[in-house]
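Take a look at the structure below.
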Amino acid sequence: TNILSPVCPGKTSFDITSFLKKLEVPTCGEEEVVITNVTIRPGREQRTDKLAKEEHNSALNLNKINTQWRTILRELKTRELHKDIEILSQTFERVVDCKDSVIKVCILSGVVAHAFYPSTREAEAGGFLSSRPA
40 TNILSPVCPG
50 KTSFDITSFL
60 KKLEVPTCGE
70 EEVVITNVTI
80 RPGREQRTDK
90 LAKEEHNSAL
100 NLNKINTQWR
110 TILRELKTRE
120 LHKDIEILSQ
130 TFERVVDCKD
140 SVIKVCILSG
150 VVAHAFYPST
160 REAEAGGFLS
170 SRPA
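Below is the structure:
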């Protein structure tokens with residue numbers, strides 16, 4: 040593809056038969072070379088196109104890598120959050136159980152106090168009246 044640049048520098052098209060004559064390549068008598076004008080892009084344009092294509096592919100690959108990296112980080116963060124939620128759920132259950140037992144103790148104390156209230160009242164009233172000087 041680029042073998043012509045030393046022979047025809049800067050040319051964008053050439054006659055292949057004249058090229059073969061310059062190289063002194065023997066032709067096969069009856070056969071003729073049909074290709075006469077082959078367009079060759081100069082090397083600079085090819086390099087520019089190749090560079091643009093590489094930059095485009097590089098951007099696409101970078102995007103793919105970033106997407107995969109975000110997916111991996113998202114999965115890790117999800118696992119961490121699930122663990123945190125499990126720990127917080129267990130802590131919440133423990134606090135609820137503790138408060139439930141405190142409420143049960145308070146209710147039991149209230150029931151016991153209510154049951155003994157009349158007898159304590161009588162004892163206090165009787166003791167108060169009997170200890171008064173006459």
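Take 40 as the starting number for the sequence shown in my numbering and just add one per residue.
We put the beta carbon where it would ideally sit given N, CA and C, even for glycine.
Small disclaimer: the values here were computed from a predicted structure and weren't measured.
The C-alpha of D123 is placed about 53 Å away from the C-alpha of T87. C-alpha of T130 to C-alpha of V151: approximately 32 Å in a straight line. In this structure, the straight-line span from the alpha carbon of L120 to that of I111 is close to 14 Å.
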